[in-house]
Amino acid sequence: MTKIIITGSKGRMGQMLVSCAKSIRELEIVGQVDQGDDLAAVIGKCDVIVDFSHPDATLSVVELCAKNQKAVVIGTTGHSDSEKSQIANRKSQIPMVWASNFSTGVNTLFWLTRKAAEILGPNFDLEVVEMHHRLKKDAPSGTAKTLAEILADVRKLQLEKAARHGRVGIVGERTPLEIGVHSIRGGDVVGDHTVIFANTGERLELTHKASSRDTFANGALRAALWVGKQKPGLYDMQDVLGLK
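In the numbering used here, the protein residues as written are 22 to 265.
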């Protein structure tokens, strides 16, 4: 039995995690923590923290996990580069699964995106388009950022220089060194992501559409079962799924 505490338990994903965990016999929820609650008071009860709280809170959660030698699954997105660096620095102390998306399908999309970029080569223009519900606070989504990072890595580009977050005005012709990243918000869309490889005369599009948050919650809970058995380090969902 793996005992977990869910942080951000009152949010949409938090509530979904609580609901899905009830049907997994190997898991036991021993704490539900949200804004105003004291994680330190209950952290001793668990094996793993599952964090879907707020980017401002993740670092303190991870620091508390390191202090108490608890594994952590991080699903929160929207962190600054400084926050990402400080969180990642705890990888020598505790095992962490940190993913922008816990869906099995999306992680397959990550794998396919890398393979397609390697096979198609530098002559294809690269664009990433994502759509989410109107209540999502950060843009682009963490998943879109990961897709763009994969493309930049294959092309050996610095993403901060290559990324074009929308285009407006007389921007000139598109260059081969650009990676377009575009965010659409509206309605109750759970999460759509498309990677476009466009060349003269042909276009390849890889798309994943999520219709339920169950897929993300079940993936994060699968990661919680996995990470509790690992050595200290920084892992992602592809490690959990054995895709690496």
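Heads up, the beta-carbon is just placed ideally off N, CA and C, and yes, glycines get one too.
Quantities reported herein were computed from a predicted structural model and do not represent experimental measurements.
7 Å CB neighbourhood of residue i in its chain, flanking five on each side removed
{"i": "Lys252", "result": "Pro116"}
{"i": "Ser113", "result": "Pro253"}
{"i": "Gly240", "result": "Phe123, Ser124, Thr125 and Met258"}
Proximity to residue i [Cα-Cα], best of the options
{"i": "Asp102", "options": "Gly163, Lys66 and Ser30", "result": "Gly163"}
{"i": "Pro143", "options": "Ala244, His153, Leu60 and Ala219", "result": "Ala219"}
{"i": "Lys177", "options": "Glu151, Gln53, Ile200 and Ile50", "result": "Ile200"}
{"i": "Trp119", "options": "Lys105, Lys31, Lys158 and Ser40", "result": "Lys105"}
{"i": "Phe73", "options": "Asp58, Gln36, Ala183 and Arg111", "result": "Gln36"}
{"i": "Ala165", "options": "Val189, Gly207, Leu130 and Arg195", "result": "Leu130"}
{"i": "Asp159", "options": "Arg111, Ala238, His203 and Glu223", "result": "His203"}
{"i": "Asn110", "options": "Val127, Asn128 and Cys86", "result": "Cys86"}
{"i": "Ser40", "options": "Ser233, Met22 and Phe145", "result": "Ser233"}
Residue environment, residue i, which counts as buried when at least 16 other CB atoms sit within 10 Å
{"i": "Asp174", "result": "exposed"}
{"i": "Asp77", "result": "exposed"}
{"i": "Ala138", "result": "buried"}
{"i": "Ile205", "result": "exposed"}
{"i": "His186", "result": "exposed"}
{"i": "His154", "result": "exposed"}
{"i": "Asp257", "result": "buried"}
{"i": "Pro197", "result": "exposed"}
Minimum Cβ-Cβ distance from residue i to chain D less than 8 Å
{"i": "Leu48", "result": "You won't find chain D in this structure, because it holds only one protein chain."}
Cβ shell of residue i (< 6 Å), same chain only, five flanking positions each side left out
{"i": "Trp247", "result": "Val261"}
{"i": "Thr215", "result": "Val150, Glu226 and Thr228"}
{"i": "Gly29", "result": "Gly35, Phe73 and Ser74"}
{"i": "Asp213", "result": "Met152 and Lys230"}
Beta-carbon separation (whole angstroms), residue i vs residue j, contact threshold 8 Å
{"i": "Lys250", "j": "Gln259", "result": "The Cβ separation is near 17 Å, so there is no contact."}
{"i": "Ile27", "j": "Val71", "result": "5 Å"}
{"i": "Cys67", "j": "Ile95", "result": "Actually they do not touch by this definition, with Cβ atoms about 15 Å apart."}
{"i": "Glu148", "j": "Ile217", "result": "4 Å"}
{"i": "Val93", "j": "Val69", "result": "7 Å"}
{"i": "Ala231", "j": "Val211", "result": "4 Å"}
{"i": "Leu172", "j": "Thr134", "result": "7 Å"}
{"i": "Leu80", "j": "Gln56", "result": "No, Leu80 and Gln56 are not in contact; Cβ-Cβ is about 15 Å, not under 8 Å."}
{"i": "Leu60", "j": "Leu242", "result": "About 19 Å; that fails the 8 Å criterion."}
Assigned secondary structure, residue i (DSSP; H/G/I helix, E/B strand, else coil)
{"i": "Ile140", "result": "helix"}
{"i": "Val51", "result": "strand"}
{"i": "Pro76", "result": "helix"}
{"i": "Lys105", "result": "helix"}
{"i": "Thr134", "result": "helix"}
{"i": "Gly201", "result": "strand"}
{"i": "Arg185", "result": "strand"}
{"i": "Ala120", "result": "coil"}
{"i": "Gly212", "result": "strand"}
{"i": "Gly254", "result": "strand"}
{"i": "Arg46", "result": "coil"}
{"i": "Leu264", "result": "coil"}
{"i": "Val150", "result": "strand"}
Cut-off 8 Å between Cβ atoms - residues of its own chain near residue i, not counting five sequence neighbours on either side
{"i": "Val51", "result": "Lys24, Ile25, Ile26, Val63, Lys66 and Cys67"}
{"i": "Lys157", "result": "Arg206"}
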